[in-house]
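Below is one structure; the comments refer to it alone.
Number of protein chains: 2
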Amino acid sequence: MNASRSPVRQSSVRAHNLALVLQTVANSADRPSRAAISASTGLTRATVSALVDDLIAGRLLTELDPTPRTGAGRPAAGLALTPDGPGGLGLEINVDYLAACVVDLTGVVRHRFVTRADQRLLPPAEALAALGGLAARARAAADADGIELAGAALAVPGLVAADGLVRVAPNLGWQDVDVPALLNLGLPLTVDNEANLAALGELRTDGGTPTFLYVSGEIGIGAGIVLDGELYRGGRGWSGEIGHVTVYPDGRPCRCGANGCLEQYAGQEAVAADPDLAAAALGIALSAVVNLLDLGVIVLGGGYAPEFDRLRDGIDAELRRRVLTAGLAPVALRAATLGPDAAMRGAADVVIGSVRDDPASWLARSRPAQAV
Amino acid sequence: MNASRSPVRQSSVRAHNLALVLQTVANSADRPSRAAISASTGLTRATVSALVDDLIAGRLLTELDPTPRTGAGRPAAGLALTPDGPGGLGLEINVDYLAACVVDLTGVVRHRFVTRADQRLLPPAEALAALGGLAARARAAADADGIELAGAALAVPGLVAADGLVRVAPNLGWQDVDVPALLNLGLPLTVDNEANLAALGELRTDGGTPTFLYVSGEIGIGAGIVLDGELYRGGRGWSGEIGHVTVYPDGRPCRCGANGCLEQYAGQEAVAADPDLAAAALGIALSAVVNLLDLGVIVLGGGYAPEFDRLRDGIDAELRRRVLTAGLAPVALRAATLGPDAAMRGAADVVIGSVRDDPASWLARSRPAQAV
DNA sequence: CGGATTTGTTTATTGGTTGAATTATTTGGC
DNA sequence: GCCAAATAATTCAACCAATAAACAAATCCG
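Now the structure itself:
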C-alpha cells in the first residue's frame, strides 16, 4: 500500500466512492442496478443510492426504463453512462493529416473530422491554428448534441514534457514548441506522445489485460507501456522509445547518432524492404522488453497492424528463444484493433477517463456556460 | 487518479491518515512536533494529536523529552519512531551463505547472523531448515530487545511467483520449491527475488530519487526496477531479468538457450576477464532500459559495486551514444551504498515498510502472544 | 511580572457511511 | 384473484472521523 502524501478528509471518501460507482457501471457489460453495484463494490445499498443520485443529477448516469432482468421481486432500474453528458475532444497532428473527434462518456465516437495536408511544410503555429479550426468544428458538433466537452487531448509524434511542451518531433520538424500557448481552445488541454495515447486507446477498447506493450510502427517506432491499466510515462514522460533500442550494436547508423537502432531494421521502409529482417529485429527488441518488464501481451499497431501476419512468426520465434520465462508462460502477440485513429481515440479516452476516474471534480466544477 | 476497486469507509480515512502521520515522522530528518506534522500534512493539529496518541499507544512513535527546538512559545514535544516497537526479520539464501537480520522500525540493523556454507549441495528442505534455525536465533535476539517481529521476508536468487513459490533458482539448483510450506516461522513470510529486494534496500537508504534501476552483477545478473518508490514486479513477478537481454544477437551461447545475452558479457567471470567488454555490453543493455523506461538513475550493486570505477566510463559512453534523450537529460550512474547485505536489508525493510505504510492493520492485529 | 507566541487539547459541528426498518413492485402458488 | 415471498430502493437514527474555534499550557522577551 502506497500512502500518498495528501490527507484524506470525508469529502475524499465521497469522491472515491463516486468514482467507484461510476467505474463499476462503466466496466459492467450489462446495466447494473443499485443493488448489483452495492453487491459488487461492498458499499451499502443506501450509500450507492445516494451516490447514484448525485451521478444522475450531474448527468453522468441515466436510469433506463426498460429493465433488462428477470425473476421474482421488484424489477431493478438499470443504470448506464449517459451519452449526452460530458465528452472528450481527441486531437491528433501527424505528418500528413490533422484529426479531431468527439467521444461521449460511453466511449462512442460521435463526430470525426480529418484534414489531409502535409504538416511538415508549415510552421508549428500555423499547423496548430488549422488544428484549432478543426477543434472548433468538433466543438460545435458536440454542442449540437448536447455534449459538454470536459477537455481536450492532443497526440503528437514526438517527445512531450509534462507541461505540454513538445521538445522534439522529428518527423514534423518541430523543436521546443509550446503547444498549450499556441492552441487555446478554452478547454483543459493535455498533450502526449501518439504511441502513449494509442496504447491507452487499445486499453479501453480491449478491456482485457491491463498490462501490455503497444508498439506502433510508423516512420519512427514508438511504444506505449501500460502497467495495471495505467500508462507508464517515465520520469520525464519520455518512456517507450523502443525505436532506439540497440538491436545490432555495430549495425546500420541511425539518425539519432547511434548504430543498430531498431528503427533502422523495423521502421516503415525496412518492413517494406525485408519483413523477415524486421520481424527478427522486433523480436530481439521485444524480448528485451519482456525480460525487463515481464509483460504477457504485446500489441502491434500503426503500420505493423496490416503487416501483422507477415511479422508474427518471425517475432514469435525470437520471443520463444530469448525470453527467459517463455517456457513458463508464453507471450501473446496481437494486432491492434483500432486503426489509424488509435491515437486520436486514445486522446479522447484520456479526457473521458479523467471524468470517469474523478467524477467528483467534474460535478464540482464551477459550471461553465453551457453550450456557448 | 486511479480509483482502486475497493470502497472507502471512515475507518479507511483513519488508516490512511495514520500512515500519513507515521511516514511524515519517518521521512523527517529532525523530530517533528505535532504542529509541524499538522503543517506539512495539512491535517488539523487536533487530528494529528489524536492520530499521534494512537501511534504512541501502539508503540510506533515515542515522545522525546529533550525537545530539539528553540524560539518563543510553548516548547514542542519531538516525535520519532520507536526503536522498541515492531521489527522486521530479513532473510537471505544464496549460493554460499545463509543470512538473517533484525531491523527495527527506525531502520537500524539490530542483529545480524550469517552462516557460510555451500547451499548448492543441499536439498531445498535442508537449506530452509538451516535458515529456520538462523531465523529462530534472530527472533530470540529480537525478543530480548523487546522487539516484536511484524513479519519476515526472504531474498532468493531466482524467479519467484506471487505466492512465494520459487519457480527456478538456477544457481541454487532449485526448481518449484514451495518456500512458505517448508519454512514456517509463525510469521507472515514474503519471498522475493534478491535483486528486487536489494533495490528496495537501496531505495530506503538512498532516500533520494524514487525512480531508478538497480542492477546486481553476481554469477547471473538481475535488476530491480523501482518506479515512484515502488518496486515494479511485472505481471507474474518476473521483471528485471536484464541478464538475458540480448546484446549481440549472434553472440556467445547462453545457458538459457539464446545467444548473446548480457550475462555472457557482463557476468562475474566476464567482468573479471575483460572489464571493458563488460562495460560496453552493460551500456548497451542499460541504454535499452533507459530508452524504454526513461529512468534517470542507475545503481550498480552486487559484484559491480567494487568494480564501479573500472566500469563507469565504458557504460557512460554507451549511454551517451545510445540513449535518445541523453542530450536532454543525462543518466546518473552510481555504485550501490549497501554492501553484500543489500538484499537481506531490503527484505527486512519490506517488513517494516509494511508497518509504516499501513500502521492501522498493525495496531488492529489480534495481539499475538508477546515474545513466545 | 505580563504580554506575545507557539504548542497541544477540548468541544461542538459537519460530512458521510452504516444498519435496520420501511416502502415499492414484481412473481408465483393456492 | 389474493396473499406470501422475493427483490429493489429509500428513509432515518446512529456512529465515526475530521474540522474549526476556543481554551489551556509552557516558554520567551521586554
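Protein chains in written order, with this note's numbering: chain A, 1 to 372; chain B, 1 to 372.
Each residue gets a CB set at the ideal place from its N, CA and C atoms; glycine is no exception.
Where the beta strand (DSSP E) containing residue i begins and where it ends
i      : result
A:I242 : Counting along the chain, A:I242 falls outside any beta strand (DSSP E), and DSSP gives it neither H nor E.
B:P180 : B:P180 -> not in any beta strand (DSSP E); alpha helix (DSSP H) instead, spanning V179 to L182.
A:N94  : P86 to N94
B:I298 : V297 to G302
A:V168 : L165 to A169
B:C254 : That residue, B:C254, is in no beta strand (DSSP E); it is neither H nor E in DSSP.
Below-8 Å beta-carbon distance, residue i vs any chain B residue
i      : result
A:E218 : no
A:D316 : no
A:V102 : no
A:G296 : yes
A:R252 : no
A:V179 : no
A:Q175 : no
A:V376 : A question about residue 376 of chain A goes unanswered here, because the residues of chain A that appear run from 1 up to 372.
A:R321 : yes
A:R34  : no
A:S239 : yes
A:A258 : yes
A:L159 : yes
A:N193 : no
A:I242 : yes
Expected contact under 8 Å - CB spacing of residue i and residue j to nearest Å
i      : j      : result
B:A155 : B:A347 : 5 Å
B:I221 : B:L286 : Incorrect: roughly 11 Å between the Cβ atoms, too far for contact.
A:V179 : A:L128 : 7 Å
A:V351 : A:A153 : 5 Å
B:P373 : B:L311 : Shown here, chain B extends from 1 to 372; a query on residue 373 of chain B therefore has no answer.
B:G240 : A:L292 : 7 Å
B:L79  : B:R31  : 6 Å
A:T62  : A:N17  : That belief does not hold up - the Cβ atoms of A:T62 and A:N17 are roughly 19 Å apart, past 8 Å.
A:L187 : A:L89  : 7 Å
Beta carbon proximity, residue i to chain A, threshold 8 Å
i      : result
B:T115 : no
B:H16  : yes
B:A329 : yes
B:G224 : no
B:A288 : yes
B:S28  : no
Residue i, buried or exposed, once every other Cβ within 10 Å from all chains shown has been counted against 16
i      : result
A:Q10  : exposed
A:T44  : exposed
B:D216 : The sequence given here places Ser at residue 216 of chain B; Asp does not occur at that position. The residue is buried, with at least 16 neighbouring Cβ atoms inside 10 Å.
A:A223 : buried
B:E318 : buried
A:R334 : buried
B:R204 : buried
A:A270 : buried
A:T24  : buried
A:D163 : exposed
A:V108 : exposed
A:R233 : buried
B:T41  : buried
Extent of the continuous alpha helix (DSSP H) to which residue i belongs
i      : result
B:L286 : P275 to L293
A:T47  : R45 to A57
B:N17  : Q10 to A26
A:D357 : A342 to D357
B:D143 : P124 to A144
B:E307 : That residue, B:E307, is in no alpha helix (DSSP H); it is neither H nor E in DSSP.
A:A36  : R34 to T41
B:Y265 : E263 to A266
Contacting residues, own chain, Cβ-Cβ under 8 Å from residue i (five flanking each side not counted)
i      : result
A:S49  : R34
A:L60  : L22, L81, T82, G85, P86, L105, V355, P359, W362 and L363
A:P253 : N259 and Q264
B:M1   : In this prediction, B:M1 scores a pLDDT of 38, lower than 50, which makes its location untrustworthy; no coordinate-derived value is stated.
Own chain, CB closer than 7 Å to residue i, minus 5 neighbours either side, in chain order
i      : result
B:F212 : V226, L295, V297, I298 and V299
A:R116 : D96 and Y97
A:R120 : V95, L172 and G173
Cβ neighbours of residue i in the same chain (closer than 6 Å, five flanking residues each side left out)
i      : result
A:Y248 : G260
B:G303 : G217, E218 and Q268
B:E92  : A99, A155, A343 and M344
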